[in-house]
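Enquirer: Heads up: the sequence shown begins at 1 in UniProt numbering, then just goes up one per residue.
I'd like to ask some things about the structure below.
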Amino acid sequence: GDSDIFFPTDFWLLECIDHYCSGWLKPGKDKSTKKGKKRRTITLDTSSFMEEFGLPSKTRTKDGYNPLLDDFRNTKFYLSVPTHNTK
């Protein structure tokens, strides 16, 4: 059978690692940044992510149940994209 495997994630730490690996955030006490490398990040619960990027109108059952919106209430999505606006 199929199974889903989930791991507990510290999203704040993930964001710090993401910014550090992209070259935007420097480690330690020096919080200065490099121009042009800033990232936009957001953490969404699964339901919000699916409402925005999925097709929930196509997955709703006759009785109103929607696995995209109703399942995995304890999961989240982390999104990260570079920004080009350095102001």
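Glycine included, every Cβ here is placed at the ideal spot set by N, Cα and C.
Kindly indicate which three-state DSSP category K58 falls into: helix, strand or coil?
Expert: K58: helix per DSSP, three-state reduction.
Enquirer: Would you report the Cα separation of W12 and T43, rounded to the nearest angstrom?
Expert: Whole-angstrom Cα-Cα distance: 9 Å.
Enquirer: Tell me, please, whether the segment 44-64 touches the segment 74-85 by the rule of three or more beta-carbon pairs shorter than 8 Å.
Expert: Yes, they touch.
Enquirer: For I42, write down the residues that DSSP places opposite it in a beta bridge.
Expert: In DSSP, I42 forms a bridge with L79.
Enquirer: Between H84, H19, L14 and D71, which has its C-alpha nearest D4's C-alpha?
Expert: The residue with the shortest Cα to Cα distance from D4 is D71.
Enquirer: Does DSSP put Y20 in a helix, a strand or coil?
Expert: Y20: helix per DSSP, three-state reduction.
Enquirer: Which same chain residues end up closer than 7 Å to R60 when comparing Cβ atoms and leaving out the 5 residues on each side of it in sequence?
Expert: If we look at R60 and ignore the five residues flanking it on each side, its Cβ neighbours are N66.
Enquirer: Taking R40 as the reference, which of C16, P8 and K62 has the closest Cα?
Expert: Minimum Cα distance to R40 is reached at C16.
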